[in-house]
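>
Numbering (UniProt numbering), first residue to last: 1 to 59.
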């Protein structure tokens, strides 16, 4: 049996922010800041992992 590990885009693929779009294919099921994210965390009794970052030009 052959399996593939193709990464599917996460919820960030629908965002407009260039920074968030850079992470749309990360192997993490990221959620944008939304009530849905907090409701899911509460329902599953899990903490929210908040990633704060920014993009810069290397020039």
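Yeah, the Cβ is synthetic: ideal placement off N, Cα and C, and Gly gets one too.
Source: prediction; values computed, not measured.
1. Which word fits residue 29, buried or exposed, when buried means at least 16 other C-beta atoms lie within 10 angstroms of its C-beta?
2. Would residue 9 and residue 25 qualify as a contact pair, given that the criterion is a beta-carbon distance under 9 Å?
3. Roughly how many whole angstroms lie between the Cα atoms of residue 7 and residue 23?
4. Quick check on residue 19: does DSSP put it in helix, strand or coil?
5. So the candidates are 43, 41, 40, 20; which of them puts its Cα closest to the Cα of residue 32?
Here's the rundown:
1. Start at 1 with the first residue of the chain shown, and residue 29 comes out as number 29. By the 10 Å Cβ count, residue 29 comes out exposed.
2. Taking the first residue of the chain shown as position 1, residue 9 is located at position 9. Taking the first residue of the chain shown as position 1, residue 25 is located at position 25. Cβ atoms of residue 9 and residue 25: closer than 9 Å.
3. Numbered from its first residue, the chain shown carries residue 7 at position 7. Numbered from its first residue, the chain shown carries residue 23 at position 23. Residue 7 and residue 23: Cα-Cα distance of roughly 12 Å.
4. For this step, residue 19 is matched to residue 19 along the chain shown. Note: residue 19 maps to helix in three-state DSSP.
5. Here residue 32 refers to the residue found at position 32 of the chain shown. That would be 20, whose Cα lies nearest to the Cα of residue 32.
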